[in-house]
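>
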Amino acid sequence: MRLPLWRRRQQDELHAELQSHLQMAAEERIDRGESPTEAAQATRREFGNVELVHRTTHDQWGWLWLEELLQDLRYGARMLRKNPGFAAIAVLTLALGIGANTSLFFVVNGVILNPLPFPNPEQLITLYESKLHFEDGAISYPNFLDWQRDNRTFASMAAFAPTSFSLTGVEEADQVSAERISAEFFSTLGVKPMAGRDFTAEDDRLGVSPVALISEPFWREKFGSAPEIVGRTISLDGTSYLVVGIIPSNFNLRFWNFRASEVYLPIGQWNFDLFRTRNTVFGMNAIGRLKPGVTLAQARADMAGVTSRLAAEYPEADKGIGASLIPLRARIVKDVASLLFLLLGAVGFVLLIACVNVANLFLARSTGRSREFAIKSALGAGRTRIVR
Amino acid sequence: MANRYQNRIELLQGTLDLLILQTLQWGPQHGYGASQAIRANSGDILQVDTGSLYPALHRLERQKRIAADWKTSENEQRVRVYRLTKRGKRQFLSERSRWEQISDAVAGVPNPAGRESGS
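First to last, the sequence lines map onto chains A and B.
Each residue of the first sequence is one higher than the one before, starting from 5 at the first, in the working numbering.
Each residue of the second sequence is one higher than the one before, starting from 193 at the first, in the working numbering.
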């Protein structure tokens, strides 16, 4: 790093100016009869310290701090080159500390601070049955249907229950992950199929022809993204399902026991006696979207009323059963937040320790450099200059 | 103490600036010429230290009260010649009248008897 060109020219000119002064003074002495050596010596003496004059004059130009900074940077670079081990250790220590922090911050940012990819995500609430020893328990299907019908605070409410099937008829038989969902599930979240249609209330009951939604990755993998898939059938556990639509791959919601799946089926078509029994649960939970302007407390009060009426109506099955409402974001964050913040705190300390270590290195080195500092201050370096 | 010291420096600086401007008033000069002129015109009383002269010249140049050009002297030497700018001329006139007031005022204070020989 060198001084800018104009600055170097200015320095050269000042040098020339002072030299011309010396020369003229000497010539005058020679004219008065002094010998050239005598004259040169006398002018020097009269003039004083040329370097000092140069320096004080040059101070008048301003920008001195920039020049000193450049000097210090050059000096620093030279020291680093002379001492590569020290430089490497300091840089590496800091890099480790900073790197760990950055990468963990990305995770925290992605999980906690980013908004959910749904319209008005703050309106999305997950629902559970609360019962003795189970704060967030599964909901029985008859109870869910009553919740859905009786509540006054939710714009829509949908149930979901994970399951899996064997897919046959496409290459080799394969296990596919599936989710039984209410017809309103995707419309509640605000997700639209990229092709075909969503489930309708017509699909979501017993005795109608089997239909399915498939995910975009599943469509790509198993059917090579064939556009005519909508309207064809797939065979799951030996039953044929008509594919009515494709759910885009950017739907990748994960929370609690829900995972975005390969296949979705209408939950109302599940013809299984126990599933329709009020006192039996099958890992089914629900998600709802609050009506605009409804608060979580209002929804909780509303659901408390709904469940207490059900408890009175079906004392055998529903005694002591309430509804637990947890906002979707809180649900997602809850499982990981405390762990993540703990980790973030931990790597924060790692960075702190890294800084302390580097500071120690500097301290150790500055004792070794005390002689240099003494020389510098003897030559008139200010305190700030030395520290820098 | 520090304050008094600073005041003295300021006064000296201001005086030197005035002397330089006064010298350039008679025509463009290089640094050496200016120092010789100040010395000659003060009857060898004022000797300007180069360590003060060049910083002052460059400071005045930066303040745009004087301007500088490189010229070749009679004996084929490259010299940096300073001249007054319009602004410098204007400021010199106002500063000189102030200086004259001060020096008149100082001269008007009668010297206490007996101290004259001691100074």
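Heads up, the beta-carbon is just placed ideally off N, CA and C, and yes, glycines get one too.
As the structure is a prediction and not an experimental result, all values here were calculated from the model.
Going by DSSP in three states, L9/A sits in which element: helix, strand or coil?
helix
> Of all the residues that make up the region 8 to 30 of chain A, which are near chain B by a beta-carbon distance shorter than 9 Å?
E17, L18, A20, E21, L22, S24, H25, L26, Q27, M28 and A29
> Strictly by DSSP, which residues pair up with I230/B?
Beta-bridge pairing links I230/B to no other residue.
> Beta-carbon separation of A334/A and N155/A under 9 Å?
Contact flag unset, no.
> Within 10 Å of its beta-carbon, does I357/A have 16 or more other beta-carbons around it, so buried, or fewer, so exposed?
Counting Cβ neighbours within 10 Å, I357/A comes out exposed, since fewer than 16 surround it.
> For L210/A, which of helix, strand or coil comes out of DSSP?
coil
> Do T172/A and the ligand SAH come close, with the Cβ less than 8 Å from some heavy atom?
Judged by which ligands are present, the structure shown has none, so any question about the ligand SAH falls away.
> How is A378/A classed by DSSP in three states: helix, strand or coil?
helix
> Between G280/B and chain A, is there a C-beta pair that is closer than 9 Å?
So no, G280/B is outside the interface.
> State yes or no: is the beta carbon of L56/A nearer than 9 Å to at least one beta carbon in chain B?
yes
> Could you please give the first and the last residue of the uninterrupted alpha helix (DSSP H) stretch that includes D322/A?
P319 to D322
> Specify, as a first and last residue, the run of the beta strand (DSSP E) that S134/A falls within.
L128 to K135
> How many Å lie between S298/B and I237/B at the Cα?
For the sequence presented, residue 298/B should be read as Val rather than Ser. Using only the alpha carbons, I get a separation of about 19 Å.
> Taking Cβ positions only, does W2/A come closer than 9 Å to chain B?
The structure shown does not extend to residue 2/A, since chain A is modelled only from 5 through 392, so no value can be given for it.
> Should I143/A go down as buried or exposed, given a rule of 16 or more other Cβ atoms within 10 Å for buried?
buried
> Kindly list the residues whose CB is nearer than 6 Å to the CB of A264/A, restricted to its own chain and excluding five residues on each side of it in sequence; keep chain order.
F255, N256 and L257
> Taking the beta carbon of E21/A as the centre, do at least 16 other beta carbons fall within 10 Å, making it buried, or is it exposed?
Result: buried.
> Take the Cβ of L77/A as the centre, count every other Cβ of all protein chains shown within 10 Å, and call the residue buried at 16 or more, exposed below.
exposed
> From what residue to what residue does the beta strand (DSSP E) around I274/A run?
The question names Ile, yet the displayed sequence has Trp at residue 274/A. W274/A -> no beta strand (DSSP E), and no H or E assigned at all.
> How would you list, in chain order, the residues of chain A whose beta-carbon sits under 9 Å from the beta-carbon of Q269/B?
Below the 9 Å Cβ cutoff, chain A contributes S24, Q27, M28 and E31 as neighbours of Q269/B, in chain order.
> For S272/B and chain A, any beta-carbon pair shorter than 9 Å?
The amino acid at residue 272/B is misidentified as Ser; the sequence shows Arg. Judged by the 9 Å Cβ criterion, R272/B is in contact with chain A.
> Name the chain C residues that come within less than 9 Å of G52/A, Cβ to Cβ?
This model lacks chain C altogether; the protein chains it does include are A and B.
> Kindly indicate the opening and closing residues of the beta strand (DSSP E) around P247/B.
P247/B -> not in any beta strand (DSSP E); alpha helix (DSSP H) instead, spanning T242 to R254.
> Answer yes or no: do R184/A and W260/A have a C-beta to C-beta separation smaller than 9 Å?
no
> In the region 248 to 261 of chain B, which residues sit with their C-beta less than 7 Å from some C-beta in chain A, listed in chain order?
H250, R251 and R254
> Could you check where the beta strand (DSSP E) with V234/A kicks off and where it finishes?
That residue, V234/A, is in no beta strand (DSSP E); it is neither H nor E in DSSP.
> What does the alpha-carbon distance come out to for the pair N216/A and V351/A?
The question names Asn, but residue 216/A is Ala in the sequence shown. Their backbone Cα atoms lie some 46 Å apart in a straight line.
> When you compare the CB of S286/B with every CB in chain A, is at least one pair closer than 9 Å?
By this cut-off, S286/B is not an interface position.
> What is the DSSP secondary structure of Q269/B, reduced to helix, strand or coil?
DSSP places Q269/B in coil when its eight states are reduced to three.
> Per DSSP, Q152/A forms a beta bridge with which residues?
In DSSP, Q152/A forms no bridge with anything.
> Just to check my reading of the structure: L269/A and A182/A have Cβ atoms closer than 8 Å, yes? What is that Cβ distance to the nearest angstrom?
Contact between L269/A and A182/A holds, with the beta-carbon distance rounding to 6 Å and staying under 8 Å.
> Ordered along the chain, which non-local residues of its own chain (more than five positions away) have a Cβ less than 6 Å from that of L48/A?
Position check: residue 48/A holds Arg in this sequence, whereas Leu was assumed. Excluding positions up to five away in sequence, the list is empty.
> Since I believe I218/A is in contact with V247/A (beta carbons under 8 Å), could you give me their beta-carbon distance rounded to a whole number of angstroms?
6 Å
> Check the Cβ-Cβ distances between T61/A and every residue of chain B, and say whether any is below 9 Å.
yes
> What does DSSP give as the partner residue(s) for K263/B in the beta ladder?
V271/B
> Between the region 314 to 328 of chain A and the region 112 to 127 of chain A, do at least 3 Cβ pairs fall closer than 8 Å?
no
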